[in-house]
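Residue numbers (my numbering): 169 to 737. Ideal Cβ positions, reconstructed from N, Cα and C, are used throughout, including at glycine. The structure appears right after this line, and notes come after that.
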């Protein structure tokens, strides 16, 4: 239940702080005073979209705070508890706060903890329901009858099943369409890739092979020069066939001479060791050069093979616009893409059967949903027809006409049904679409009946009506007031009204007015009691010029409102 509502710098309300009780609360006030501010501010706390245009002129931000008692709302309390949003000191209190800044910033919190607006909207659906002025127009819109029927049928589970089944079916259909389009465009691509794969298979590129070929090709192209130079170096180190001593032989002679000198001068030991080390290094290098000479391949056939393979890498790389060293990876990618094309064709062969199963599952779920609607439309039609009589539409009838089909091509996420509101405004006349035969006032009264009927089935403890009585007057308005008071016996009902015959039935009565202070205009909301309430009802009856007769009429209306008998829909 709504406990309190505070709005600061919201539209024309500089500061409004209201406490709410159970039962039926009526809100009245002159046109333009800001009666709808209360409901608009509360809608923000239920997750409605907010913007800087709502900020009071001259202020930098607005804030709206609503406190709910969720002790009798297990779903809402469980949601708060699961998110760690409950207050240990007051576990059933749900304090929602919205702040919107003129620079575009905003904050949303519950019990001091930040939450998203989307999450707020989810829990808000369990806290209160607002029936706005736009409901009249919605009644004539496409799809309105299904929404009304589903709300009356309370078939949330069946609707969710249908929506999920339809979404699954549509996803499969979209996938099949995509696969067909891909198949058309991939045939040429598949042929191209197959040709490229054959060329690459002939080459069979390997990781790091091109770098090795590049090195070997460079070596082989200079093999004669390399071999000649290697023999020359080897001759210098180890001597040649012409009897010329090499470096190794010369150092050996130096070592022998230095060895003789050591016999007379031991200080030459370091030089002797250095020559020994140098000889060892020279001998090792000589051996390595000899091994290199034997390794250098001057076989023309092998050289041609390396040159040809190297050229194949270069040519294919240029052809496919990749680096030669990346041909191996490109080969892998081509193979993978061909696998994907083939798997897509395989999936296309399988998906038709899957679609058939998904269609069957959807139609089964849609049939179950249709049963809930079929049961609801009969009862709803009767209830609306009965209460139309009470709202001064004698002999009128209403029928929610349900048409079901078993064609998924005509289906949507709401199922396979279409529902139309048909009415006959006079006894003996034919039922026809409401938009064709009902006047604006008649549509308003039918809309009111439907709203009140569905309000009784709401599982939220707070229901708000924004000028629910538009288009009615006189005795009909008194019936509406009685209905709202009756509804308030078990539910917290808040309604903005401009009719004294409705306002007098409120258990509580708020009055909205405009006041000017220091050159600033702002809305003020006041709880009316006793004489103040009598004067407001009288004002609604006869205007600003109050008469004793008007005051007596107001007292009579208020007395009738208190003593109203039970009026059930």
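- Task: Find out if the Cβ-Cβ distance for the pair residue 196, residue 722 is shorter than 7 Å.
- Result: no
- Message: Quick check on this structure: which residue in 249, 252, 180 has the alpha carbon closest to the alpha carbon of residue 231?
- Response: 180
- residue 437 lies in the alpha helix (DSSP H); which residues open and close that run? 437-463
- Does the distance from the CB of residue 292 to the CB of residue 214 come in under 7 Å? yes
- Query: Start and end of the beta strand (DSSP E) containing residue 572?
  - Reply: 565-572
- Task: Using alpha carbons as the reference points, say which of 680, 691, 690, 331 lies closest to residue 701.
- Result: Nearest C-alpha to residue 701: 680.
- Item | Beta-carbon proximity check, residue 763 vs residue 265, cutoff 7 Å | The question about residue 763 has no answer, for the chain in this structure spans 169 to 737.
- Message: Helix, strand or coil for residue 576? Go by DSSP, reduced to three states.
- Response: helix
- Message: Quick check: the stretch 325-336 against the stretch 517-530, are at least 3 beta-carbon pairs closer than 8 Å?
- Response: yes
- Message: My output table needs one value for residue 364: the three-state DSSP class, helix, strand or coil.
- Response: helix
- Message: Tell me the residue span of the alpha helix (DSSP H) that contains residue 197.
- Response: Premise fails: residue 197 lies in the beta strand (DSSP E), 192-197, not in any alpha helix (DSSP H).
- Query: Ends of the beta strand (DSSP E) at residue 591?
  - Reply: 585-592
- Which of the three DSSP states, helix, strand or coil, is assigned to residue 660? strand
- For the stretch 367-379 against the stretch 571-586, are there 3 or more C-beta pairs whose distance is under 8 Å? no
- CB contact flag (residue 621, residue 602, <7 Å): no
- Near residue 306, what residues of its chain come up, given a Cβ to Cβ distance below 7 Å and the 5 sequence neighbours on each side ignored? Result list for residue 306: 312, in chain order.
- Message: So, does the stretch 552-564 touch the stretch 609-621, judging by three or more C-beta pairs under 8 Å?
- Response: A contact is defined here as three or more CB-CB pairs under 8 Å, and the stretch 552-564 meets this definition with respect to the stretch 609-621.
- Classify residue 656 as buried or exposed, calling it buried when 16 or more other Cβ atoms lie within 10 Å of its own Cβ. buried
- Message: Using the Cβ count rule (16 or more neighbours within 10 Å means buried), how would you classify residue 486?
- Response: In summary, residue 486 is exposed, with fewer than 16 beta-carbon neighbours lying within 10 Å of its beta-carbon over all protein chains present.
- In the DSSP assignment, find the unbroken alpha helix (DSSP H) run with residue 421 in it and report its ends. 415-430
- Given residue 502, which residues of its chain have a CB within under 6 Å of its CB, disregarding the five upstream and five downstream residues? The residues are 361, 364, 365.
- Classify residue 565 as buried or exposed, calling it buried when 16 or more other Cβ atoms lie within 10 Å of its own Cβ. Residue burial annotation: residue 565 is buried, with at least 16 other C-beta atoms found within 10 angstroms of its C-beta.
- Three-state secondary structure assigned by DSSP to residue 721: helix
- Query: For residue 308, which three-state DSSP category applies?
  - Reply: coil
- Task: Alpha carbon to alpha carbon, how far is residue 342 from residue 648? Give it in angstroms, no decimals.
- Result: Distance between the alpha carbons of residue 648 and residue 342: 50 Å.
- Task: Determine the direct distance from the alpha carbon of residue 183 to that of residue 739, and round the result to whole angstroms.
- Result: Outside the shown range of the chain (169 to 737) lies residue 739, about which nothing can therefore be said.
- Query: Can you list the beta strand (DSSP E) stretches of 3 or more residues lying completely in the stretch 521-551, in chain order?
  - Reply: none
- Message: According to DSSP, residue 684 sits in a beta bridge with which residue or residues?
- Response: In DSSP, residue 684 forms a bridge with 689.
- So residue 248 is in the beta strand (DSSP E); what residue range does that whole segment cover? Careful: residue 248 lies outside any beta strand (DSSP E), inside the alpha helix (DSSP H) at 242-250.
- Candidates 636, 412, 407: closest to residue 455 by CA position: 407
- Item | When 674, 516, 704 are compared against residue 729, the one with the closest alpha-carbon | Of the listed residues, the one whose Cα sits closest to residue 729 is 674.
- Query: In its own chain, which residues sit with a C-beta less than 7 Å from the C-beta of residue 403, not counting the 5 before and 5 after it?
  - Reply: Cβ-Cβ distances below 7 Å link residue 403 to 414 in the same chain, with the five nearest sequence neighbours on each side left out; the list follows chain order.
- Query: At what residues does the alpha helix (DSSP H) containing residue 286 begin and finish?
  - Reply: 285-292
- Query: Would residue 398 pass as a contact of residue 450 if the rule is Cβ separation under 7 Å?
  - Reply: no
- Query: Just how far apart, CA to CA, sit residue 499 and residue 491?
  - Reply: C-alpha separation (whole angstroms): 12 Å.
- Message: For the alpha helix (DSSP H) containing residue 614, name the first residue and the last one.
- Response: 608-623
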